[in-house]
Amino acid sequence: MSKLEKKLFTSYSFKDGISDIFWGLFLIGLGCSAFITNAGIERPFSLLIIALPVGGLFLVFKYYISRPRLGVIKFSKSRKRKRGLVLLIAVIVQIIVGVLLWLVLSKNEAMENLSGFINPVTIFFFIVLFTSAIAYIYDYNRLYLIGLAIGSGIPLAEALEPTLGSNWAGLLAFGIYGFIMFCFGLYLFVKFLMDNPLNEQTV
Amino acid sequence: MAIMSILYAMDKVEFLYLMNEIGLTQGNLSSHITKLETAKYIVVEKTFVGKRPKTFIAATEAGRLSFKSYMKDLNEILKSVI
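For the protein sequence lines, the chains are A and B, in the order given. Under my numbering, the first residue of the first sequence is numbered 60, with each subsequent residue one higher. Under my numbering, the first residue of the second sequence is numbered 240, with each subsequent residue one higher.
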């Protein structure tokens, strides 16, 4: 029964392709963030400019397009526990990243000691570990690939920067993965709309 | 069987979700739901979300126990055959 529950959950949550569209747009936006930074908006605010509208679009699509076609489900207690665990991990990671960002922005002396440990390789492992944990707990298999795309994008962008400049290095490193993800999500979304027309239900 | 499998795995589902997942028509699913409700294996709750009617279906404790017992018997039969 747990396999059935997992299959029903992944089908309900991810078959509409909206999550893939969201992650694709986010990755493309991440690739474009260097352009925004060069326009005068510093990180992490340049990332917020990307994340907030994309996140908003995700919620709107889920609520107004996906849910009326799929119907509403109340998941089992074990699934709710998993969701709670995922949120807890996300909050803890956000706090850690927030503290590190604050130390960087405030040019704190403690960052001098930490800066030796923060490099593209450690960032890669951190991102991949974090997204893999979420993917495992939440049964969202494509998140493993997304984690690899984001994690490998950072050292790739660093490697391409001397040749292409920061703008195009970032766009190439993240944008290609993002575009592939977006196209895949769009394909799933169109298929979902065709397979699940709006239907007024009665008993 | 398909209806009870889904309801066993979930807390509560909307009629629309069951219809899409199992692939039955509204009328066909309604008749199965009525039979299960008569047998007290499920409970049907009709509510409104805004101005739209929503029908939620959940398995009762008796329904869950009965389904679990049925699955156990089925597994034992399969084991004895294999």
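Where is the CB? At the ideal position from N, CA and C, for every residue including glycine. Computed from a prediction, not measured in an experiment: that's the story for all the values here.
Of all the CB atoms in chain A, is at least one closer than 8 Å to the CB of residue i?
i	result
B/Y280	no
B/A248	yes
B/N267	no
B/E253	yes
B/N314	no
B/I261	no
B/I242	no
B/K293	yes
B/Y256	yes
Sorted by chain position, which residues of the same chain lie with C-beta nearer than 6 Å to residue i's C-beta, five sequence neighbours on each side aside?
i	result
A/V262	Per-residue confidence for A/V262 stands at a pLDDT of 41, beneath the threshold of 50, marking its modelled position as unreliable; no derived number is given.
A/A149	none
When DSSP builds the beta bridges, which residues end up paired with residue i?
i	result
B/K285	B/T294
B/V252	A/I132 and B/I296
Taking Cβ positions only, does residue i come closer than 8 Å to chain B?
i	result
A/D75	no
A/F63	Reading the sequence as shown, one finds Leu at residue 63 of chain A and not Phe. Yes, A/L63 counts as interfacial toward chain B.
Contact defined as beta carbons within less than 8 Å: I believe residue i pairs with residue j. What is the distance between those atoms, to the nearest angstrom?
i	j	result
A/G130	B/Y280	Their Cβ separation, rounded to whole angstroms, is 20 Å, which puts A/G130 and B/Y280 out of contact at 8 Å.
B/Y247	B/A298	6 Å
A/S125	A/D75	4 Å
B/K296	B/I272	The question names Lys, but residue 296 of chain B is Ile in the sequence shown. Yes, B/I296 and B/I272 are in contact; Cβ-Cβ is about 6 Å, under 8 Å.
Who are the Cβ neighbours of residue i in its own chain at under 7 Å, not counting the five residues just before and after it?
i	result
B/M310	none
B/G289	none
Please work out which residues of its chain come closer than 8 Å, Cβ to Cβ, to residue i, disregarding the five sequence neighbours upstream and downstream, and give them in chain order.
i	result
A/G13	No answer is possible for residue 13 of chain A: it lies beyond the span of chain A, which begins at 60 and ends at 262.
A/V152	F189
Determine which residues of the stretch 210-232 of chain A have a Cβ less than 9 Å from any Cβ of chain B, and write them out in chain order. none
Members of the stretch 129-145 of chain A near chain B, C-beta cut-off 8 Å: L129, G130, V131, I132, K133, F134, S135 and K136
Name the residues in the stretch 65-99 of chain A whose C-beta lies less than 7 Å from a C-beta of chain B; which are they? Correct list: L67.
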